[in-house]
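S.K.: I have a structure here, written as structure tokens, and I will follow up with some questions on it.
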Amino acid sequence: GDSVTQMQGQVTLSEDDFLFINCTYSTTWYPTLFWYVQYPGEGPQLLLKVTTANNKGISRGFEATYDKRTTSFHLQKASVQESDSAVYYCVLGDGGSNAKLTFGKGTKLSVKS
Amino acid sequence: DMKVTQMPRYLIKRMGENVLLECGQDMSHETMYWYRQDPGLGLQLIYISYDVDSNSEGDIPKGYRVSRKKREHFSLILDSAKTNQTSVYFCAFLQGKGNSDYTFGSGTRLLVI
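The listed protein sequences derive, respectively, from chains A and B.
Anchor point for the first sequence: position 41 equals 46 in the numbering used here, and the numbering is continuous, going up by one each time.
Anchor point for the second sequence: position 48 equals 1520 in the numbering used here, and the numbering is continuous, going up by one each time.
Below is the structure:
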């Protein structure tokens, strides 16, 4: 079945540090890839998505490139702020309709001021 | 703004009691979901509903059932709750019409004692 792997359970940075969150996926089809972000007490919300391999998604200073060769979709941000503290989920959509999403286990980002 | 309303936000039940979690949406979106979220596990899909009375098991349906009699409402039912069903439950809808984005509610925090 489909799976998404996020190896980093927790990342702690200082403001203005560079962020890199690792994500790899496994599927037998051609998925859409997403990053969702979840703030305390809220549900996940879409951060960015990429539907086509080798394309990059950019939102609010975050970016991720859909790399079909390495089956990766790593999340990066050049300079994090305290307000970026949240849980980040790498998510795989099931191809055409994206009626089913498969979530990674999430990476909790804590940014110290 | 498209919105998902979950009731109640917090719930404490005794083992063996029946539990009803309710979810509403305001735009007649067809596809809706129930997920549970546990620390270190991310979000796991319990049930998908494609429309009224058209429901499908997700990855972890055991111990749960759902009801969708109106497009705007999707309920999750725990018959005889167990302590291992203590979790945060999220409802979501697929925006559809070519948009593969999900909108999540704020969650119901269920404690079974």
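Heads up, the beta-carbon is just placed ideally off N, CA and C, and yes, glycines get one too.
Say whether the region 1561-1581 of chain B touches the region 47-56 of chain A, bearing in mind that this needs 3 or more beta-carbon pairs closer than 8 Å, one atom from each stretch.
M.R.: With a cut-off of 8 Å, the region 47-56 of chain A and the region 1561-1581 of chain B count as touching, because enough Cβ pairs lie within range.
S.K.: Taking C-alpha atoms, which residue in B:Asn1490, B:Arg1486, B:Arg1508 and B:Glu1489 lies nearest to Gly1577 (chain B)?
M.R.: Ranking the options by Cα distance to Gly1577 (chain B), first place goes to B:Arg1508.
S.K.: Using a Cβ cut-off of 8 Å (strictly closer), state whether Phe108 (chain A) contacts chain B.
M.R.: Cβ-Cβ to chain B under 8 Å: yes for Phe108 (chain A).
S.K.: Could you tell me the alpha carbon to alpha carbon distance between Leu24 (chain A) and Lys113 (chain A), rounded to whole angstroms?
M.R.: Near 12 Å, if we compare the C-alpha coordinates of Lys113 (chain A) and Leu24 (chain A).
S.K.: Hey, quick one: how far does the beta strand (DSSP E) through Glu1529 (chain B) stretch, first residue to last?
M.R.: Glu1529 (chain B) -> beta strand (DSSP E) spans Ser1526 to Glu1529.
S.K.: Counting only Cβ pairs nearer than 9 Å, list the residues of chain B close to Ala69 (chain A).
M.R.: Going along chain B, no residue has its Cβ under 9 Å from Ala69 (chain A), so there is no contact; the nearest lies around 16 Å.
S.K.: Grab the span of the beta strand (DSSP E) containing Val85 (chain A) for me, first residue to last.
M.R.: No beta strand (DSSP E) holds Val85 (chain A); DSSP gives it neither H nor E.
S.K.: Let me make sure I understand the geometry here. Which of A:Gln81, A:Gln86 and A:Glu87 has the alpha-carbon closest to that of Tyr94 (chain A)?
M.R.: Ranking the options by Cα distance to Tyr94 (chain A), first place goes to A:Gln81.
S.K.: Is Asp1523 (chain B) helix, strand or coil when you go by DSSP?
M.R.: Of the three classes helix, strand and coil, the one that applies to Asp1523 (chain B) here is strand, per DSSP.
S.K.: Whose C-beta lies closer than 7 Å to the C-beta of Asp1531 (chain B) among residues of the same chain, with five residues either side of it excluded?
M.R.: Counting only Cβ-Cβ distances below 7 Å, and skipping sequence neighbours, we find Gln1516 and Leu1517.
S.K.: Measuring alpha carbon to alpha carbon, tell me which residue in A:Ser118, A:Lys110 and A:Val116 is nearest Met12 (chain A).
M.R.: Nearest C-alpha to Met12 (chain A): A:Lys110.
S.K.: Contact defined as beta carbons within less than 8 Å: I believe Glu1489 (chain B) pairs with Ala1553 (chain B). What is the distance between those atoms, to the nearest angstrom?
M.R.: Yes, they are in contact, since the Cβ atoms of Glu1489 (chain B) and Ala1553 (chain B) sit about 6 Å apart, within 8 Å.
S.K.: Going by beta-carbon coordinates alone, are Ser1500 (chain B) and Arg1543 (chain B) separated by less than 8 Å?
M.R.: It is a contact, given that the beta carbons lie within the stated cut-off.
S.K.: Could you tell me which chain A residues have their CB closer than 8 Å to the CB of Asp1498 (chain B), listed as they occur along the chain?
M.R.: By Cβ distance, chain A contributes nothing, its closest Cβ being about 15 Å from Asp1498 (chain B), past 8 Å.
S.K.: Going by other Cβ atoms of all chains shown within 10 Å of its Cβ, with 16 needed for buried, is Lys54 (chain A) buried or exposed?
M.R.: Buried is the call here.
S.K.: State buried or exposed for Ile1520 (chain B), treating a residue as buried only when at least 16 other CB atoms are found within 10 Å of its CB.
M.R.: Result: buried.
S.K.: Candidates A:Asp21, A:Pro36 and A:Thr17: which alpha carbon is nearest Gly6 (chain A)'s?
M.R.: Checked all of A:Asp21, A:Pro36 and A:Thr17; the closest Cα to Gly6 (chain A) is A:Pro36.
S.K.: Please identify the residue among A:Asp99, A:Ile63, A:Ser90 and A:Lys73 whose C-alpha is closest to the C-alpha of Asp21 (chain A).
M.R.: Nearest option by C-alpha distance: A:Ser90.
S.K.: Comparing C-alpha positions only, which one of A:Asn59, A:Ile26 and A:Tyr30 sits nearest to Thr10 (chain A)?
M.R.: That would be A:Tyr30, whose Cα lies nearest to the Cα of Thr10 (chain A).
S.K.: In the DSSP assignment, the beta strand (DSSP E) including Cys1563 (chain B) goes from what residue to what residue?
M.R.: From DSSP, the beta strand (DSSP E) with Cys1563 (chain B) extends over Ser1559 to Gly1568.
S.K.: With distance defined between alpha-carbon atoms, name the residue in A:Ser8, A:Leu18, A:Thr56 and A:Trp34 nearest to Leu1513 (chain B).
M.R.: Of the listed residues, the one whose Cα sits closest to Leu1513 (chain B) is A:Ser8.
S.K.: Can you pull the DSSP bridge partners for Trp40 (chain A)?
M.R.: A:Leu53 and A:Cys95, per the DSSP bridge assignment.
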